[in-house]
Amino acid sequence: MVLFSKLLKSHDKPFVKSLKNLLGFTPRNADLYKQAFRHHSASTRYDVKEGRISNERLEYLGDAVLSSIIAEVLFSTYPTKGEGFLTELRAKIVSRENLCELARKIGIEDYLEYDKSIRGNRQIIRAISGNAFEALIGAIYLDKGYDFTKKFISKRIINPHIDIHHLADKEINFKSKLIEWCQKNRKTIAFEALEERRQGKQKSYLVSVVIDGEEFGRGEDFSKKKAEQIAASKACEVIFRPQ
Numbered sequence: 120m121v122l123f124s125k126l127l128k129s130h131d132k133p134f135v136k137s138l139k140n141l142l143g144f145t146p147r148n149a150d151l152y153k154q155a156f157r158h159h160s161a162s163t164r165y166d167v168k169e170g171r172i173s174n175e176r177l178e179y180l181g182d183a184v185l186s187s188i189i190a191e192v193l194f195s196t197y198p199t200k201g202e203g204f205l206t207e208l209r210a211k212i213v214s215r216e217n218l219c220e221l222a223r224k225i226g227i228e229d230y231l232e233y234d235k236s237i238r239g240n241r242q243i244i245r246a247i248s249g250n251a252f253e254a255l256i257g258a259i260y261l262d263k264g265y266d267f268t269k270k271f272i273s274k275r276i277i278n279p280h281i282d283i284h285h286l287a288d289k290e291i292n293f294k295s296k297l298i299e300w301c302q303k304n305r306k307t308i309a310f311e312a313l314e315e316r317r318q319g320k321q322k323s324y325l326v327s328v329v330i331d332g333e334e335f336g337r338g339e340d341f342s343k344k345k346a347e348q349i350a351a352s353k354a355c356e357v358i359f360r361p362q
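Per my numbering, residue 120 is the first one in the sequence shown, and the count goes up by one each step.
See the structure below:
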C-alpha cells in the first residue's frame, strides 16, 4: 500500500501553492516536483523507456547539478585556496548526513510519497528526505534552468542553512570512514604514494586510494596525511553517491 503525502492533492493548485511557500517561487511544471518527492516504493506508474516514475532519475541529475553549483560557489568564496581544500569542503557540504539535515530544515519530509510500510521508520524516512532534496534540485533545474537553480541554492539553502566557514574548519576523517566501509564490505584498500614533487623549499605528495585494485581518487598536499584525506574524500564522493 502506498502512503501519499498530505500535500499531494489530486489537483495541482493546492500543491503549487504549498510549493511556493516551501521554495519561494511558483513552479511551472508541478509534475516534476511531485516526481521529485516520490520514493521508488510509491511508484506505481511504469513506462518502458523511463522505468518506474520515481525520483531516482531526478536525484541523479540533482546530484550533478548541486555538486557543480557548490563547486562554483566555493571557487568564488575561496579565491586563494587549492584544489584539495575545495574538494574536501565540497564533500562535506554534499555528504549524505548534511543533505538529510538540509532536507529536514527546509521541510521536505511533509511532501514525501512512500510506501505505508516505511511509516514510523525515522532512519529510512530521513534517508529518503536527503535523496528527495537532490531530486528537488534536479526538478528545479529542469523547470527553471541552471542560473535560477544557482540563485535558489545560494539564497534559500546556503545563506540560511549552511555555515561554509564553519564546515571548512570542521574535521571529517574521510580516510577512517573509507577504511571502515571497506572492512564492512570486505574490500581491500591501499593508499599509494605516486609522486613527491619539489615546489620551492617545500615538497608536495601525490597520493591515490585504491580499492580492490581500482583507483577511486587522488589527492595532493604538502602534508602526506592531508593528501590521503583529500584522496579519501574524492573516493567517498564516488562510493556514497546515490545509485
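In this text, a Cβ means the ideal position worked out from N, Cα and C, and glycines have one as well. As the structure is a computational prediction, the values presented were derived from the model and not from experiment.
Test item: CB-CB of residue i and residue j under 8 angstroms
{"i": "Lys-296", "j": "Cys-219", "result": "no"}
{"i": "Asn-174", "j": "Ala-155", "result": "yes"}
{"i": "Tyr-260", "j": "Leu-141", "result": "no"}
{"i": "Ala-346", "j": "Gly-336", "result": "no"}
{"i": "Glu-253", "j": "Ala-161", "result": "no"}
{"i": "Ser-214", "j": "Ile-227", "result": "no"}
{"i": "Val-328", "j": "Ile-358", "result": "no"}
{"i": "Ser-236", "j": "Arg-209", "result": "no"}
{"i": "Asp-262", "j": "Arg-147", "result": "yes"}
{"i": "Ala-222", "j": "Ala-258", "result": "no"}
{"i": "Asp-331", "j": "Gly-203", "result": "no"}
{"i": "Ser-315", "j": "Lys-322", "result": "Just to set this straight, residue 315 is Glu in the shown sequence, not Ser. Their beta carbons are under 8 angstroms apart, which means Glu-315 touches Lys-322 by this criterion."}
DSSP-derived helix/strand/coil call for residue i
{"i": "Val-167", "result": "Only weak support is given to the placement of Val-167: the predicted model assigns it a pLDDT of 37, under 50, and the value that follows is read from those uncertain coordinates. Three-state result, Val-167: coil."}
{"i": "Ile-291", "result": "coil"}
{"i": "Asp-266", "result": "helix"}
{"i": "Asp-282", "result": "coil"}
{"i": "Asp-131", "result": "helix"}
{"i": "Phe-252", "result": "helix"}
{"i": "Gly-239", "result": "coil"}
{"i": "Arg-275", "result": "helix"}
{"i": "Gly-226", "result": "coil"}
{"i": "Ile-358", "result": "helix"}
Of the residues the options, the one placed nearest residue i, counting alpha carbons only
{"i": "Phe-293", "options": "Tyr-260, Phe-310, Asn-278 and Ala-251", "result": "Phe-310"}
{"i": "Trp-300", "options": "Ser-352, Leu-325 and Lys-132", "result": "Ser-352"}
{"i": "Ser-195", "options": "Ile-172, Arg-245, Ile-283 and Ile-276", "result": "Ile-283"}
{"i": "Ile-225", "options": "Ser-236, Arg-245 and Arg-241", "result": "Arg-245"}
{"i": "Gly-338", "options": "Pro-146, Glu-216, Val-326 and His-285", "result": "Val-326"}
{"i": "Glu-207", "options": "Phe-134, Thr-199, Ala-183 and Ala-287", "result": "Ala-287"}
{"i": "Arg-238", "options": "His-158, Ser-186, Asp-150 and Ile-358", "result": "His-158"}
{"i": "Thr-268", "options": "Ser-236, Ala-183, Gln-321 and Asp-131", "result": "Ala-183"}
{"i": "Ile-291", "options": "Lys-211, Asn-148, Lys-343 and Leu-205", "result": "Lys-211"}
{"i": "Ile-256", "options": "Lys-153, Pro-133, Glu-178 and Ile-172", "result": "Glu-178"}
{"i": "Phe-144", "options": "Arg-317, Ile-272 and Glu-315", "result": "Ile-272"}
{"i": "Arg-275", "options": "Lys-132, Val-135, Phe-134 and Lys-139", "result": "Lys-139"}
{"i": "Asn-217", "options": "Lys-289, Gly-264, Gly-201 and Lys-153", "result": "Lys-289"}
{"i": "Ala-312", "options": "Glu-334, Asn-304, Gln-302 and Ile-298", "result": "Glu-334"}
{"i": "Ile-188", "options": "Asp-229, Gln-302, Lys-344 and Ile-277", "result": "Ile-277"}
Residues bridged to residue i [DSSP beta-bridge criterion]
{"i": "Tyr-324", "result": "Glu-315 and Asp-340"}
{"i": "Phe-310", "result": "Val-328"}
{"i": "Glu-334", "result": "Val-329"}
{"i": "Arg-157", "result": "Glu-232"}
- Message: Restricting to runs no shorter than 3 residues, where is the beta strand (DSSP E) found entirely within the region 186-212?
- Response: none
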